[in-house]
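First the structure, in the form of structure tokens, and then the observations on it.
Structural data, given as structure tokens:
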């Protein structure tokens, strides 16, 4: 199934106060100035993510649209939301973000040049933009000159969905449009939703290119032997 270009990249041109690809130091200063975070001993930022201290799978929906419908295993956590509802909620979220300062970060998901994807993240907070720098891979100067996002993330923690109107489970909402490669996040400050959303699109796309995505870490021994560690988040894969 071919992907289509997300219309969200043009959002940056419509916003009055857009902060594009700021350095980590600048974002750090902005996070403190805006009261988003406090400085802990030795200098790291500490933020509060509100009621959501982890992902909210019950609030995540995939858009049921023609381009991806037959390729999704519906049921369980792959719950559908109509494209009509998606469009209406998306329009409100874009209007909501248009009234706020927005931080824009261009990054890559994946290290392999043949399989990585480019992502543009619009975030409501400076610290979430730092999160994108840390969890994704930052383009080199030459790559920025020709950067074009494959998919787009809109992260709006202060936006609230309306369940009766939007068909969501609560005021928190995570929507993924697989054909547009678009991720909308509202009502949660937990930044891990951006990472999981991006990885979800990679997991959907890469098998068509002969790549098996795995939620795992890898160690290489002195003799060149490879060990793969599978497990859920927080189970020690990276530590091992």
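Residue numbers (my numbering): 4 to 243. Just so it is clear, CB atoms sit at the ideal spot from N, CA and C, and this is done for glycine as well. No experiment lies behind these values; they were computed from the predicted model shown.
Tell me, to the nearest whole angstrom, how far the beta carbon of residue i is from that of residue j; I am working on the premise that it is less than 8 Å.
{"i": "residue 65", "j": "residue 181", "result": "7 Å"}
{"i": "residue 207", "j": "residue 217", "result": "Not confirmed; about 14 Å, so no contact."}
{"i": "residue 86", "j": "residue 104", "result": "Incorrect: roughly 30 Å between the Cβ atoms, too far for contact."}
{"i": "residue 34", "j": "residue 40", "result": "4 Å"}
Taking only heavy atoms of the ligand FAD into account, decide whether any of them is closer than 7 Å to the Cβ of residue i.
{"i": "residue 234", "result": "Ligands in the displayed structure: none, and consequently the ligand FAD is not present."}
Could you work out which residue in the options is closest to residue i when comparing CA atoms only?
{"i": "residue 23", "options": "32, 109, 82", "result": "109"}
{"i": "residue 189", "options": "82, 174, 123, 220", "result": "174"}
{"i": "residue 150", "options": "84, 187, 124", "result": "124"}
{"i": "residue 69", "options": "84, 78, 59", "result": "84"}
{"i": "residue 99", "options": "224, 80, 240, 187", "result": "187"}
{"i": "residue 90", "options": "185, 154, 238", "result": "185"}
{"i": "residue 28", "options": "52, 76, 134", "result": "134"}
{"i": "residue 25", "options": "183, 128, 76, 166", "result": "128"}
Tell me whether the beta-carbon of residue i lies closer than 8 Å to the beta-carbon of residue j.
{"i": "residue 126", "j": "residue 106", "result": "yes"}
{"i": "residue 213", "j": "residue 156", "result": "no"}
{"i": "residue 193", "j": "residue 38", "result": "no"}
{"i": "residue 122", "j": "residue 142", "result": "no"}
{"i": "residue 195", "j": "residue 179", "result": "no"}
{"i": "residue 88", "j": "residue 169", "result": "yes"}
{"i": "residue 71", "j": "residue 177", "result": "no"}
Just how far apart, CA to CA, sit residue i and residue j?
{"i": "residue 3", "j": "residue 205", "result": "The chain is shown only over 4 to 243; residue 3 falls outside these bounds and no answer can be derived."}
{"i": "residue 74", "j": "residue 61", "result": "21 Å"}
{"i": "residue 54", "j": "residue 163", "result": "14 Å"}
{"i": "residue 63", "j": "residue 136", "result": "24 Å"}
{"i": "residue 95", "j": "residue 228", "result": "52 Å"}
{"i": "residue 219", "j": "residue 112", "result": "15 Å"}
{"i": "residue 226", "j": "residue 242", "result": "20 Å"}
{"i": "residue 160", "j": "residue 50", "result": "13 Å"}
{"i": "residue 231", "j": "residue 215", "result": "13 Å"}
{"i": "residue 118", "j": "residue 198", "result": "17 Å"}
{"i": "residue 31", "j": "residue 46", "result": "10 Å"}
{"i": "residue 114", "j": "residue 21", "result": "28 Å"}
{"i": "residue 154", "j": "residue 224", "result": "36 Å"}
{"i": "residue 221", "j": "residue 166", "result": "41 Å"}
{"i": "residue 48", "j": "residue 236", "result": "22 Å"}
{"i": "residue 52", "j": "residue 77", "result": "30 Å"}
Just mark residue i as buried or exposed, buried being the case when its beta carbon has 16 or more other beta carbons within 10 Å.
{"i": "residue 130", "result": "buried"}
{"i": "residue 144", "result": "exposed"}
{"i": "residue 93", "result": "buried"}
{"i": "residue 132", "result": "buried"}
{"i": "residue 36", "result": "exposed"}
{"i": "residue 191", "result": "buried"}
{"i": "residue 147", "result": "exposed"}
{"i": "residue 238", "result": "exposed"}
Quick one: does residue i have its CB under 8 Å from some CB of chain D?
{"i": "residue 23", "result": "The displayed structure is made up of one protein chain only, and chain D is not part of it."}
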